[in-house]
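Asker: Attaching a single structure in structure tokens format; questions to follow.
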Amino acid sequence: MSTTKIVYGLYADDDDLMNGVKAFNDKGIAINEVYTPFPVHGLDKALGLKKTRISDAAFIYAIYGVTIGSLVTWYVMNHDWPQNIGGKPAFDWAHNMPAFVVPMFELMVFCAAHMMSLTFLVRNKMYPGAPAQNPDPRTTDDKFMMEFITDDVESVKQLLVDTGVEEITVKDA
Amino acid sequence: MSGHYEAPIREPLIIGHKTYHDITEDIARPIEERAGKLWWISLYAALVLFIYGFGCIAYTIGTGIGAWGLNRTINWGWDITNFVWWVGIGHAGTLISAVLLLFRQRWRMSVNRSAEAMTIFAVVQAAIFPVIHMGRVWVGYWVFPLPNQFGSLWGNFNSPLLWDVFAISTYFSVSTVFWFMGLIPDFAMIRDRAKTPWTRKIYTFLAFGWGGKAKHWQRFEELSLVLAGLATPLVFSVHTTVSFDFATSVIKGWHSTIYPPYFVAGAIFSGFAMVQTLLLIARKVCHLEDYITMYHIEIMNIVIILTGGMVTVAYATEYFIGWYSGSRYEDFTYLSPGAATGPYWWAFWALIICNLVIPALFWFKRIRTNILATFIIALIINIGMWFERFDIIVINLSRDYLPGSWTMFKPTIIDVGVYLGTIGFFSVLFLLYARTFPVIAQAELKSILKISGETYKAKEGDEHH
Chain A
0 MSTTKIVYGL YADDDDLMNG VKAFNDKGIA INEVYTPFPV HGLDKALGLK KTRISDAAFI
60 YAIYGVTIGS LVTWYVMNHD WPQNIGGKPA FDWAHNMPAF VVPMFELMVF CAAHMMSLTF
120 LVRNKMYPGA PAQNPDPRTT DDKFMMEFIT DDVESVKQLL VDTGVEEITV KDA
Chain B
0 MSGHYEAPIR EPLIIGHKTY HDITEDIARP IEERAGKLWW ISLYAALVLF IYGFGCIAYT
60 IGTGIGAWGL NRTINWGWDI TNFVWWVGIG HAGTLISAVL LLFRQRWRMS VNRSAEAMTI
120 FAVVQAAIFP VIHMGRVWVG YWVFPLPNQF GSLWGNFNSP LLWDVFAIST YFSVSTVFWF
180 MGLIPDFAMI RDRAKTPWTR KIYTFLAFGW GGKAKHWQRF EELSLVLAGL ATPLVFSVHT
240 TVSFDFATSV IKGWHSTIYP PYFVAGAIFS GFAMVQTLLL IARKVCHLED YITMYHIEIM
300 NIVIILTGGM VTVAYATEYF IGWYSGSRYE DFTYLSPGAA TGPYWWAFWA LIICNLVIPA
360 LFWFKRIRTN ILATFIIALI INIGMWFERF DIIVINLSRD YLPGSWTMFK PTIIDVGVYL
420 GTIGFFSVLF LLYARTFPVI AQAELKSILK ISGETYKAKE GDEHH
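These protein sequence lines are chains A and B, in that order.
If you count by numbering that gives the first Met the number 0, then the first sequence holds residues 0 to 172, one letter each, in order.
If you count by numbering that gives the first Met the number 0, then the second sequence holds residues 0 to 464, one letter each, in order.
Okay, here's the thing in structure tokens:
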């Protein structure tokens, strides 16, 4: 039987949780995951999480949207079926472009917003009807939970108690 | 978003001595309790209007838009009036959730969810009008770019009407995504406390497996911020594009460079008026007085003063130019001495009284902090903004360039029915929403409890003295 266990420490307050995270960092014990009911300010930094690159992805999606908007307006208005509409320049996209700013802008926002949201869902492994990822239902209400995967259950438990944890659960990994 | 400092002298945004769990209970209560009598009566009333309106829409589609009161001179009437009115109402929600997020205005957290719901439902109503105005709704998809071989021509990207198709559909879908992403953690909260298997199933479906992991919150906050950044110019672009429908035409009174900013200000003005109307009721029915406080109501009234002021300046400019230009055509525009004394004098003065005179009462603190007064004035603004669009469309069109074709507009019972139907449809959607969705962004609200909750504020205040 493996000695590796999962330890859950349930805190009642976000300040206690933050102190707990700091204490574990000082001791060099790795925290596997933290579940909170709301975004706790500074938690990502305390846990040493890298900055998310989801906004960089959004920028690329936005460029994609503008490109689609440019290509569609050029193809429809200047290439496939140019027409003289109210004397507007229909034979050259560069001159006709000011009239296309609105659809190009809208396609940019459309692509960036939707594809970024999809990226968010895919990266978080979220989809309609997915099983809940939090081990304890109270963490969406008012409790804050730390998760450890460790061989040294006793020292984790001790430090949890020292930092004011409310409840400790140990499970086989 | 939490952890920022807030001065102790600021009024708390959450009153009553709440804990995190109290917030959960307060937000989940309207969903978990059985609906009251008032809710059922309202729902039935709204359903009756909705069904009547749908009958009128079916009649319109069956017989053609000759069923409406349009004529050769006034070829846009109630339909486009209602369209612009509803789009305008749908402007406050995304403004509150996006623009105010970028400005770090924390009071938005209590009102953004419902305001956004209202936005989405209002845009649904708005979309009905141009679609049925096409007459042949079954070829409505021709508005999207389709190859010529398909039977129609490619859409004309030079036309503001096509820009509007892109603007409104993007606004609708992006607002919906923004709203839904924000709802996910709150659905997870409802899921985790669901008592019956069916509720659990439904909210498990909606919560997408959300578990509140630290990395997921980090991405969530980044997503909210970037979506807000994208939605902010979108809010301004949508009503700008709606105003282009008029401003790029060659109709006197419409062909005006003031339209884009003036339409956007008017939209926010009417949007906030509708938020006040609905939230004052929702706050009472769902017992949310501790979260939507007098401070929230007052600050929204101040936004109404600001945007109402912009609208006033625009009206004054238009009226002045109508007179100062000395052009006889300008004297028939909707804001001109001719309109004030002509056959549509009643519509002109309804606009002035409802949009300029009565909202000016909000300059008095006693009035903008009075719930009944706020409710009544907000309703009057809704009426005034409807008249604004009616005046822009009908007064300007009624005086054609040929005096021989001058005429008046008479709405038919079908016109009235379609309009009432959209009010019914909107109310049905909002009533269902208020009973099934968490009406306040509770996860976000919990993050400011320690900064702006009454208990914590009191403690902080003591420490400072």
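For glycine and all other residues, C-beta sits at the position ideal for the given N, C-alpha and C.
Measuring alpha carbon to alpha carbon, tell me which residue in B/Ile201, B/Gly61 and B/Ala266 is nearest B/Trp137.
Answerer: As a working mapping, residue 137 of chain B is identified with position 138 in the second sequence. Checked all of B/Ile201, B/Gly61 and B/Ala266; the closest Cα to B/Trp137 is B/Gly61.
Asker: Go through the segment 285 to 351 of chain B residue by residue and report every complete run of the alpha helix (DSSP H) that reaches 4 residues or more, in order.
Answerer: 293 to 323, 336 to 340 and 344 to 351
Asker: Where does B/Gly210 sit, in a helix, a strand or coil, going by DSSP?
Answerer: In the second sequence, the residue the question calls residue 210 of chain B occupies position 211. Note: B/Gly210 maps to coil in three-state DSSP.
Asker: Going by C-alpha to C-alpha distance, which of B/Val164, B/Phe219, B/Phe149 and B/Phe165 sits closest to B/Met180?
Answerer: Against the second sequence, residue 180 of chain B aligns to sequence position 181. Nearest C-alpha to B/Met180: B/Phe219.
Asker: May I ask you to check if the CB of B/Asp21 is nearer than 8 angstroms to at least one heavy atom of the ligand FAD?
Answerer: Ligands in the displayed structure: none, and consequently the ligand FAD is not present.
Asker: Less than 8 angstroms between C-beta atoms, sequence neighbours within five positions excluded: which residues of the same chain meet that for A/Asp25?
Answerer: Numbered from its first residue, the first sequence carries residue 25 of chain A at position 26. When the five nearest sequence neighbours on each side are left out, no beta carbon in the same chain lies closer than 8 angstroms to the beta carbon of A/Asp25.
Asker: Which class does A/Asp171 belong to by DSSP, given the choice of helix, strand or coil?
Answerer: Here residue 171 of chain A refers to the residue found at position 172 of the first sequence. Of the three classes helix, strand and coil, the one that applies to A/Asp171 here is strand, per DSSP.
Asker: Give the single residue among B/Val234, B/Ile73, B/Ala121 and B/Leu12 whose Cα lies nearest to the Cα of B/Ser96.
Answerer: Stepping through the second sequence from its first residue, residue 96 of chain B is reached at position 97. Of the listed residues, the one whose Cα sits closest to B/Ser96 is B/Val234.
Asker: By a C-beta neighbour count over all protein chains shown, 10 Å radius and 16 as the cutoff for buried, is A/Ile59 buried or exposed?
Answerer: Start at 1 with the first residue of the first sequence, and residue 59 of chain A comes out as number 60. Classification for A/Ile59: exposed.
Asker: Between the C-alpha atoms of A/Thr118 and A/Ile53, what's the straight-line distance to the nearest angstrom?
Answerer: Position 119 of the first sequence, counting from 1, holds the residue named residue 118 of chain A. Position 54 of the first sequence, counting from 1, holds the residue named residue 53 of chain A. Their Cα atoms are separated by approximately 7 angstroms.
Asker: Strictly below 9 angstroms CB to CB, what residues from chain A border B/Asp191?
Answerer: Counting from 1 along the second sequence, the entry for residue 191 of chain B is found at position 192. Result: Ala131, Asn133, Asp135, Pro136, Arg137, Thr138, Thr139 and Asp140.
Asker: Note down, in chain order, every chain A residue with its Cβ under 7 angstroms from the Cβ of B/Pro217.
Answerer: In the second sequence, the residue the question calls residue 217 of chain B occupies position 218. A small correction: the amino acid at residue 217 of chain B is Gln; Pro does not occupy that position in the sequence shown. Within chain A, Asp43, Leu48 and Thr51 have C-beta atoms less than 7 angstroms from the C-beta of B/Gln217, given in sequence order.
Asker: Mind checking B/Trp84: buried by the 16 CB within 10 Å criterion, or exposed?
Answerer: As a working note, residue 84 of chain B is residue 85 in the second sequence. By the 10 Å Cβ count, B/Trp84 comes out buried.
Asker: Can you give me, in chain order, the residues of the segment 102 to 125 of chain A that have a beta carbon less than 8 angstroms from any beta carbon in chain B?
Answerer: For the segment 102 to 125 of chain A, the residues whose beta carbon sits under 8 angstroms from a beta carbon of chain B are, in order, Pro102, Phe104, Glu105, Leu106, Val108, Phe109, Ala111, Ala112, His113, Met115, Ser116, Phe119, Leu120, Arg122, Asn123, Lys124 and Met125.
Asker: Between A/Met17, A/Lys49 and A/Ala29, which has its C-alpha nearest A/Leu42's C-alpha?
Answerer: Position 43 of the first sequence holds residue 42 of chain A. It is A/Met17.
Asker: Under 8 angstroms between beta-carbons, which chain A residues line up against B/Pro144? List them in chain order, please.
Answerer: One-based indexing of the second sequence puts residue 144 of chain B at position 145. Correct list: Val71 and Val75.
Asker: Between B/Leu418 and B/Trp77, which are expected to be in contact by the criterion C-beta below 8 angstroms, what is the C-beta distance as a whole number of angstroms?
Answerer: Counting from 1 along the second sequence, the entry for residue 418 of chain B is found at position 419. Counting from 1 along the second sequence, the entry for residue 77 of chain B is found at position 78. It should be noted that the sequence gives Tyr, not Leu, for residue 418 of chain B. 6 angstroms between Cβ atoms; contact.
Asker: Does the pairing of the segment 130 to 140 of chain A with the segment 195 to 210 of chain B give three or more beta-carbon distances under 8 angstroms?
Answerer: With three or more CB-CB distances shorter than 8 angstroms, the segment 130 to 140 of chain A counts as touching the segment 195 to 210 of chain B.
Asker: Taking only beta-carbon positions, decide if B/Ile30 is within less than 9 angstroms of chain A.
Answerer: Stepping through the second sequence from its first residue, residue 30 of chain B is reached at position 31. Closer than 9 angstroms: no.
Asker: Which term fits B/Ser1, buried or exposed, when burial requires 16 or more other beta carbons within 10 angstroms of its beta carbon?
Answerer: If you number the second sequence from 1, residue 1 of chain B lands on position 2. Summary for B/Ser1: the model assigns pLDDT 43, below 50, so the residue's position carries little reliability; its value from the coordinates is reported in the next sentence. Its Cβ being crowded by 16 or more others within 10 Å, B/Ser1 is buried.
Asker: Using only CA atoms, which one of A/Lys124, A/Met103, A/Val164 and A/Gly8 lies nearest to A/Ile67?
Answerer: Locating residue 67 of chain A in the first sequence gives position 68, where the first residue counts as 1. Comparing Cα positions, the closest option is A/Met103.
Asker: Provide the residue span of the alpha helix (DSSP H) that contains A/Phe104, from first to last.
Answerer: As a working note, residue 104 of chain A is residue 105 in the first sequence. It spans Val100 to Arg122 - the alpha helix (DSSP H) in which A/Phe104 sits, taken as one unbroken run.
Asker: Note down, one range per segment and in chain order, each alpha helix (DSSP H) of at least 4 residues found wholly within the segment 127 to 194 of chain B.
Answerer: Counting only runs of 4 or more, we get 159 to 191.
Asker: Quick one, are the C-beta atoms of A/Gln82 and B/Asn155 less than 9 angstroms apart?
Answerer: Position 83 of the first sequence, counted from the first residue, corresponds to residue 82 of chain A. Position 156 of the second sequence, counted from the first residue, corresponds to residue 155 of chain B. In contact: A/Gln82 and B/Asn155 (Cβ atoms closer than 9 angstroms).
Asker: With A/Thr149 as the anchor, note down where its alpha helix (DSSP H) starts and where it stops.
Answerer: As a working mapping, residue 149 of chain A is identified with position 150 in the first sequence. Here A/Thr149 belongs to no alpha helix (DSSP H); instead the beta strand (DSSP E) covers Phe143 to Thr149.
Asker: Closer than 7 angstroms between beta carbons: that is the criterion. Which residues of the segment 14 to 25 of chain B meet it against chain A?
Answerer: Thr18, Tyr19, His20 and Thr23
Asker: Candidates B/Leu279, B/Tyr400 and B/Thr23: which alpha carbon is nearest B/Ile375's?
Answerer: To locate residue 375 of chain B, count along the second sequence from 1; it is residue 376. Measuring from the Cα of B/Ile375, the nearest candidate turns out to be B/Leu279.
Asker: For B/Ala121, collect the residues of the same chain with a Cβ closer than 7 angstroms to its Cβ; drop the 5 residues on either side in sequence, then sort them by chain order.
Answerer: Here residue 121 of chain B corresponds to residue number 122 of the second sequence, with the count starting at 1. So the list reads Trp85, Ile88, Gly89 and Phe425, once near-sequence residues are dropped.
Asker: Three-state secondary structure (DSSP) at B/Ser1?
Answerer: Indexing the second sequence from 1 puts residue 1 of chain B at position 2. Confidence is the limiting factor: at B/Ser1 the pLDDT is only 43, short of 50, which leaves the residue's position unreliable, though a coordinate-based value still follows. In this structure, B/Ser1 counts as coil in the three-state DSSP scheme.
Asker: How should B/Glu31 be labelled, buried or exposed, when 16 other C-beta atoms within 10 angstroms of its C-beta is the threshold for buried?
Answerer: Residue numbering aside, residue 31 of chain B sits at position 32 when the second sequence is read from its first letter. Exposed is the call here.
Asker: Which residues in the same chain as B/Tyr314 place their Cβ atom closer than 7 angstroms to its Cβ, once the five residues preceding and following it in sequence are excluded?
Answerer: Translated into positions along the second sequence, residue 314 of chain B becomes position 315. Around B/Tyr314: Leu334 and Leu355.
Asker: Is there a Cβ from chain A that is less than 9 angstroms from the Cβ of B/Gly154?
Answerer: Here residue 154 of chain B is taken as the residue at index 155 of the second sequence, counted from 1. It does; some Cβ of chain A falls within 9 angstroms.
Asker: Which same chain residues end up closer than 7 angstroms to B/Leu350 when comparing Cβ atoms and leaving out the 5 residues on each side of it in sequence?
Answerer: Within the second sequence, residue 350 of chain B is the residue found at index 351, counting from 1. Result list for B/Leu350: Gly383, Phe386, Glu387 and Asp390, in chain order.
Asker: Reducing DSSP to helix, strand and coil, say where A/Glu165 ends up.
Answerer: Indexing the first sequence from 1 puts residue 165 of chain A at position 166. Here A/Glu165 sits in coil by DSSP.
Asker: I think A/Asp141 touches B/Thr23, with their Cβ atoms under 8 angstroms apart; what is that distance to the nearest whole Å?
Answerer: Within the first sequence, numbered from 1, the residue matching residue 141 of chain A stands at position 142. Within the second sequence, numbered from 1, the residue matching residue 23 of chain B stands at position 24. Confirmed, about 6 angstroms.
Asker: On the three-pair Cβ rule with 8 angstroms, is the segment 214 to 232 of chain B touching the segment 34 to 48 of chain A?
Answerer: Judged by Cβ distances under 8 angstroms, the segment 214 to 232 of chain B makes contact with the segment 34 to 48 of chain A, as three or more pairs qualify.
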